[in-house]
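Data first, discussion second: the structure below is written as structure tokens.
Chains as they are written, first to last, in the numbering used here: chain A, 72 to 191; chain B, 323 to 553; chain C, 60 to 336.
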């Protein structure tokens with residue numbers, strides 16, 4: 072796994088896990104891989120995974136059960152919120168990219184609508 | 323956290339040339355520390371001072387509370403930057419030697435690691451390729467339950483497949499109660515396993531710190547930072 | 060202490076066994092020649108070729124013995140100059156344990172080599188020539204007073220002398236490694252060894268001459284210069300057992316001190332001064 076952005080690796084792993092949850096690879100209430108397995112899979116230091124899990128727990132996206140492991144939350148509202156937040160981030164970054172290309176914000180809905188109609 | 327390694331004001335000269343100048347470094351239990359720098363920066367000199375293979379001109383080294391000697395050698399598991407196993411040895415002989423000399427040697431673990439590295443007990447060291455020697459040495463080193471692991475250039479000069487195997491073995495064998503010190507100039511391949519990095523150039527520490535904090539602060543990966551410093 | 064000796068023994072096994080087999084093989088050749096010559100009456104080697112072969116075989120035996128010695132010395136030297144030192148010096152092994160192991164294994168091989176060559180030749184001579192050397196030796200031994208003491212004494216003193224020589228070699232190699240890093244001036248140790256040996260021999264003789272006190276092993280008593288002179292002992296020796304079974308006590312003590320001193324000094328350098336570069 073290559074982590075290319077300037078973000079700390081634990082943050083990038085938080086994003087990877089969030090994506091896995093939102094896309095359903097990790098389901099609500101499912102157990103996350105152990106820190107060690109995750110470390111081997113992503114080829115990073117186990118301390119980094121520990122920190123990522125800690126961050127996710129702080130955001131209430133996962134919870135730890137003593138001696139059992141770390142689980143994805145089964146609070147539907149949290150998961151919906153996560154999905155919404157990630158969608159929002161994607162849209163914001165999309166809008167910023169488009170602005171850089173020279174489109175005005177007011178032009179965006181039109182472009183998107185046109186693409187949907189064309190079935191792309 | 324408890325410091326398992328403490329280095330203060332360490333200086334080493336070869337003849338007139340200063341190979342290391344006034345190095346201060348502390349390493350906590352449970353941390354993986356990368357010593358990064360180009361060839362000739364003093365990485366191996368530092369490691370050999372820790373191992374007691376070299377003797378400092380100035381300064382103090384404490385490992386597990388003691389200066390390098392019999393005790394520290396019994397708690398450090400060391401992978402040299404070259405194969406040092408005797409040429410007459412087979413894999414079996416090398417295992418036997420580790421078992422004879424190190425009380426923390428774990429038979430079961432050695433068995434697993436040999437299997438993982440696809441090494442046969444009857445193979446002779448002198449007939450092995452460079453990659454195989456490296457894997458055998460690493461298997462021996464990781465078969466110990468040591469307080470400190472010192473790996474000097476563990477992936478230099480091995481093919482990509484062996485490189486992955488070696489990295490996996492290092493990550494799998496990480497232990498919370500021991501420290502790992504790894505030197506490398508192949509930062510890209512290894513940076514993700516470091517908690518702490520030390521940039522060593524011309525015998526001095528140029529920069530050191532938590533890997534994640536450095537990424538955040540400099541807004542780049544350690545490899546890019548390495549290229550910026552030494553490039 | 061002897062954990063390392065096991066590995067030193069295994070590492071030197073192949074070469075030393077080879078040297079011993081070579082020496083025994085050449086001895087066989089020599090004995091066969093002798094048998095041939097004695098059978099044909101008189102010891103005249105009939106052709107130049109035969110004479111040459113005979114001399115060559117003697118050289119092979121001597122060469123095998125010297126080769127074994129050189130190999131054992133180089134086994135020590137290699138720890139200080141070659142990659143294997145990275146393993147040896149990272150083992151939890153004190154300087155004295157390493158040095159002790161090297162010394163014991165070298166003495167062991169010296170003894171094995173000496174005994175096997177002598178015994179083999181005696182047995183072979185008995186078989187080939189039919190001369191009962193063993194019986195003859197046994198008979199002579201029986202005639203000597205206190206043969207047991209003399210025998211033990213000669214083993215102990217020759218082991219001590221070998222130890223002195225080996226330790227001076229180890230000391231010289233280690234000292235030259237500590238003082239000069241470059242491998243190129245590698246033969247420095249040999250000059251150092253010769254100088255040290257000369258000094259030691261001189262001191263030993265000086266002490267033995269100044270303090271004429273001897274241990275007479277065949278009578279188990281201490282004798283002075285007068286008695287030694289009567290026995291025909293040449294006073295010009297240090298800790299060596301003379302042919303009369305007499306050894307200088309101060310010489311012996313000096314030798315013991317020398318063994319201890321060289322051992323401690325060399326172990327100290329191994330542990331504290333050697334930089335494995």
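Glycine is no exception: its CB is placed at the ideal position from the N, C-alpha and C atoms.
Check your understanding: Using the C-alpha atoms, what's the distance from residue 102 of chain A back to residue 399 of chain B?
Key -> Counting from one through the second chain, the residue named residue 399 of chain B turns up at place 77. Counting from one through the first chain, the residue named residue 102 of chain A turns up at place 31. Roughly 35 angstroms separates the two Cα atoms.
Task: Residues that residue 502 of chain B contacts on chain C, provided the C-beta gap is smaller than 7 angstroms - done: Mapped onto the second chain, residue 502 of chain B falls at position 180. In chain order: nothing, as chain C lies at least about 16 angstroms away.
Can you look up residue 294 of chain B in the DSSP assignment and give me helix, strand or coil? Outside the shown range of chain B (323 to 553) lies residue 294 of chain B, about which nothing can therefore be said.
Which same chain residues end up closer than 6 angstroms to residue 219 of chain C when comparing Cβ atoms and leaving out the 5 residues on each side of it in sequence?
Working through the third chain from its first residue, we reach residue 219 of chain C at position 160. Cβ neighbours of residue 219 of chain C beyond the five flanking positions: 314.
Residues, ordered as in the chain, of the segment 532-550 of chain B that lie near chain A by beta-carbon distance below 7 angstroms | Residues passing the 7 angstroms Cβ filter: 534, 537, 538, 541, 542 and 543.
If we require 3 or more residues per run, which beta strand (DSSP E) segments fall completely within the segment 329-361 of chain B? 339-350 and 354-358
Do residue 152 of chain C and residue 63 of chain C have their CB atoms nearer than 7 angstroms? As a position in the third chain, residue 152 of chain C is number 93, starting the count at 1. As a position in the third chain, residue 63 of chain C is number 4, starting the count at 1. Cβ atoms of residue 152 of chain C and residue 63 of chain C: closer than 7 angstroms.
### Query
Is it true that the CB of residue 266 of chain C sits closer than 7 angstroms to the CB of residue 274 of chain C?
Within the third chain, the letter at position 215 stands for residue 274 of chain C. Within the third chain, the letter at position 207 stands for residue 266 of chain C. No, these two residues do not count as a Cβ contact at 7 angstroms.
### Through-space distance from residue 336 of chain C to residue 371 of chain B, alpha-carbon basis
Within the second chain, residue 371 of chain B is the residue found at index 49, counting from 1. Within the third chain, residue 336 of chain C is the residue found at index 277, counting from 1. Answer to the nearest angstrom: the Cα atoms are 11 angstroms apart.
### Query
Just the Cα atoms here: how many angstroms apart are residue 169 of chain A and residue 175 of chain A?
Here residue 169 of chain A refers to the residue found at position 98 when the first chain is read from its first residue. Here residue 175 of chain A refers to the residue found at position 104 when the first chain is read from its first residue. So the two alpha carbons sit approximately 8 angstroms from each other.
At which residue ranges does the segment 303-327 of chain C contain complete beta strand (DSSP E) runs of 3 or more residues, listed in the order of the chain?
Secondary structure remark: continuous beta strand (DSSP E) runs of at least 3 residues inside the segment 303-327 of chain C, in chain order: 305-307.
(message) In the DSSP assignment, the alpha helix (DSSP H) including residue 107 of chain A goes from what residue to what residue?
(response) By one-based count along the first chain, residue 107 of chain A stands at place 36. Residues 106-113.
Using a Cβ-Cβ cut-off of less than 9 angstroms, list which residues of the segment 157-172 of chain A approach chain B; keep chain order.
none
- Taking residue 238 of chain C as part of the alpha helix (DSSP H), name the residues at either end of that continuous run. As a first step, residue 238 of chain C must be located in the third chain, where it is residue number 179. Here the alpha helix (DSSP H) through residue 238 of chain C covers 206-238.
### Anticipated Cβ contact below 8 angstroms, residue 342 of chain B with residue 525 of chain B, distance rounded
Against the second chain, residue 342 of chain B aligns to sequence position 20. Against the second chain, residue 525 of chain B aligns to sequence position 203. That belief holds up - the Cβ atoms of residue 342 of chain B and residue 525 of chain B are roughly 5 angstroms apart, short of 8 angstroms.
Closer than 7 angstroms, CB to CB, is residue 461 of chain B near chain C or not?
Taking the second chain and counting its residues from 1, the one referred to as residue 461 of chain B is at position 139. Chain C, which has no Cβ nearer than 7 angstroms to the Cβ of residue 461 of chain B, makes this no.
Please state if the CB of residue 326 of chain B and the CB of residue 501 of chain B are separated by a distance shorter than 7 angstroms. Along the second chain, one-based indexing puts residue 501 of chain B at 179. Along the second chain, one-based indexing puts residue 326 of chain B at 4. Going by C-beta atoms, residue 501 of chain B is nearer than 7 angstroms to residue 326 of chain B.
For this session: Taking the CB atoms as reference points, tell me whether residue 514 of chain B and residue 80 of chain A lie closer together than 7 angstroms.
Result: Within the second chain, the letter at position 192 stands for residue 514 of chain B. Within the first chain, the letter at position 9 stands for residue 80 of chain A. Yes. Within cutoff.
Quick check: residue 544 of chain B and residue 533 of chain B, are their CB atoms within less than 7 angstroms of each other? Residue mapping note: residue 544 of chain B aligns to position 222 of the second chain, counting from 1. Residue mapping note: residue 533 of chain B aligns to position 211 of the second chain, counting from 1. Yes, the Cβ-Cβ distance between residue 544 of chain B and residue 533 of chain B is below 7 angstroms.
*asked:* Residues of chain B with CB closer than 7 angstroms to the CB of residue 155 of chain A, please, in chain order.
replied: Taking the first chain and counting its residues from 1, one reaches residue 155 of chain A at position 84. For residue 155 of chain A, none of the residues of chain B pass the 7 angstroms Cβ criterion, the least Cβ distance being about 26 angstroms.
- Query: Counting only beta-carbon atoms, is residue 138 of chain A nearer than 7 angstroms to chain B?
  - Reply: For the purposes of this step, residue 138 of chain A is taken as the residue at position 67 of the first chain. Judged by the 7 angstroms Cβ criterion, residue 138 of chain A is not in contact with chain B.
Between residue 495 of chain B and chain A, is the shortest Cβ-Cβ distance under 7 angstroms, so that the two count as touching?
Indexing the second chain from 1 puts residue 495 of chain B at position 173. It does not; no Cβ of chain A falls within 7 angstroms.
inquiry  = Taking its Cβ as the centre, do 16 or more other Cβ atoms sit within 10 Å of residue 109 of chain A, making it buried, or is it exposed?
reply    = As a working mapping, residue 109 of chain A is identified with position 38 in the first chain. It is buried - the Cβ of residue 109 of chain A has at least 16 other Cβ atoms within 10 Å.
Taking 7 angstroms as the cut-off, decide whether the C-beta atoms of residue 332 of chain B and residue 401 of chain B are in contact.
In the second chain, the residue the question calls residue 332 of chain B occupies position 10. In the second chain, the residue the question calls residue 401 of chain B occupies position 79. No, these two residues do not count as a Cβ contact at 7 angstroms.
Top-ranked residue by Cα proximity to residue 479 of chain B, from B/350, B/446, B/498 and B/452:
If you number the second chain from 1, residue 479 of chain B lands on position 157. Comparing alpha carbon positions, the residue from B/350, B/446, B/498 and B/452 closest to residue 479 of chain B is B/452.
Q) Would DSSP call residue 465 of chain B helix, strand or coil? A) Numbered from 1 along the second chain, position 143 holds the residue referred to as residue 465 of chain B. Coil.
Taking residue 384 of chain B as part of the beta strand (DSSP E), name the residues at either end of that continuous run. Start at 1 with the first residue of the second chain, and residue 384 of chain B comes out as number 62. Its beta strand (DSSP E) spans residues 380-385.
Output the distance between the C-alpha atoms of residue 484 of chain B and residue 505 of chain B, rounded to the nearest integer angstrom. The residue given as residue 484 of chain B occupies position 162 in the second chain. The residue given as residue 505 of chain B occupies position 183 in the second chain. Looking at the backbone, the Cα of residue 484 of chain B and that of residue 505 of chain B are separated by about 17 angstroms.
Put residue 141 of chain C into one of helix, strand or coil per three-state DSSP. Counting from 1 along the third chain, the entry for residue 141 of chain C is found at position 82. Coil, per DSSP.
In the segment 416-446 of chain B, which residues sit with their C-beta less than 7 angstroms from some C-beta in chain C, listed in chain order? 419, 422 and 423
- At a CB-CB cut-off below 8 angstroms, which residues of chain B make contact with residue 69 of chain C? Taking the third chain and counting its residues from 1, the one referred to as residue 69 of chain C is at position 10. Per Cβ cutoff of 8 angstroms: 410 and 415.
Just the Cα atoms here: how many angstroms apart are residue 276 of chain C and residue 214 of chain C? The sequence position of residue 276 of chain C within the third chain is 217, counting from 1. The sequence position of residue 214 of chain C within the third chain is 155, counting from 1. For residue 276 of chain C and residue 214 of chain C, the distance between alpha carbons rounds to 12 angstroms.
Environment of residue 454 of chain B [buried if 16+ CB atoms lie within 10 Å]: Translated into the one-based positions of the second chain, residue 454 of chain B becomes position 132. When all chains shown are included, residue 454 of chain B counts as buried.
message: Measuring straight from C-alpha to C-alpha, what distance separates residue 279 of chain C and residue 202 of chain C?
response: As a first step, residue 279 of chain C must be located in the third chain, where it is residue number 220. As a first step, residue 202 of chain C must be located in the third chain, where it is residue number 143. If I take the Cα positions, the gap works out to 17 angstroms.
Item to check | chain A residues whose Cβ lies nearer than 8 angstroms to that of residue 516 of chain B | outcome: Numbered from its first residue, the second chain carries residue 516 of chain B at position 194. Simply 116.
Handout entry: DSSP state of residue 427 of chain B mapped onto helix, strand, coil
Key = Here residue 427 of chain B is taken as the residue at index 105 of the second chain, counted from 1. Strand at residue 427 of chain B.
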